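*Asks:*
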Amino acid sequence: MDDDLLNITDLLNELKAEKCIIVGDLIHAHSGISEDVKKKFSEWLRKTQCEIHLIFGNHDHSLIKNLPPEWPLYTHKEGLLIEPFYFSHFPMHHEQWFVWSGHLHPKVEITNNYDRLVLRCFQIFKDLAIIPAFGFFVGGTLVRKS
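Right, here's the structure in full:
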């Protein structure tokens with residue numbers, strides 16, 4: 002988790018981001034959120050200079066019930082509209098807005114006679130983008146190259 006927080010901090014600083022939107026599965030573990038993870042994430046939230054939005058995902062059940070009240074973040078159970086985009090944990094199509102979603106954590110497999118690579122990727126459609134997982138330990142779904 003330390004490396005993930007360091008990587009996202011570097012990205013937010015480099016981009017001078019005003020907002021960071023987490024499209025669910027903040028805690029991608031069946032065991033839920035440990036006290037150590039709560040402490041590290043709390044420290045990161047206090048140091049972060051931008052607004053943090055969390056859209057709850059299917060792996061965030063324990064977090065929904067036990068969200069630390071001191072966490073300075075905005076939470077969303079369904080999704081978040083920031084025109085011209087709609088952010089959702091689950092991939093979906095919206096009549097009016099381009100949707101950014103997570104949940105599937107797409108990956109692509111590249112092979113040749115000698116090597117096999119499985120890499121994170123974005124899956125882009127006309128009105129929907131499914132983003133790869135950010136966390137190191139999160140799995141994913143293989144998608145077809147096109």
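Residue 30 in our numbering sits at position 29 of the sequence shown; the count goes up by one each step and never skips. By construction, the Cβ of each residue, glycine as well, lies at the ideal position given by its N, Cα and C atoms. A quick note: this is a predicted structure, and the numbers were derived from the prediction, not measured.
1. How many angstroms separate the CA atom of residue 113 from the CA atom of residue 121?
2. Based on Cα-Cα distance, which residue from 143, 80 and 136 lies nearest to residue 105?
3. Output the distance between the C-alpha atoms of residue 51 and residue 115, rounded to the nearest integer angstrom.
4. Can you give me the C-alpha to C-alpha distance between residue 7 and residue 36, rounded to a whole angstrom?
5. What is the residue span of the alpha helix (DSSP H) that residue 45 lies within?
6. If we count Cβ pairs, one from each stretch, closer than 8 angstroms, do we get three or more for the stretch 119-136 versus the stretch 88-106?
7. Could you name the residues that DSSP lists as bridge partners for residue 102?
8. I believe residue 129 touches residue 90 by the beta-carbon criterion, under 8 angstroms. Please report the beta-carbon distance rounded to the nearest angstrom.
9. Mind checking which residues open and close the beta strand (DSSP E) that includes residue 84?
10. What does DSSP give as the partner residues of residue 109 in its beta bridges?
11. Do residue 98 and residue 86 have their beta-carbon atoms positioned less than 7 angstroms apart in this structure?
12. Between the alpha carbons of residue 74 and residue 47, how many angstroms are there, rounded?
*Replies:* Let me spell this out:
1. Taking the straight line joining both Cα atoms gives about 18 angstroms.
2. 143
3. 44 angstroms
4. 19 angstroms
5. 36-48
6. yes
7. 89 and 131
8. Actually they do not touch by this definition, with Cβ atoms about 13 angstroms apart.
9. It is not in any beta strand (DSSP E) - residue 84 carries neither H nor E in the DSSP assignment.
10. 120
11. yes
12. Distance between residue 74 and residue 47, taken at the CA atoms: about 10 angstroms.
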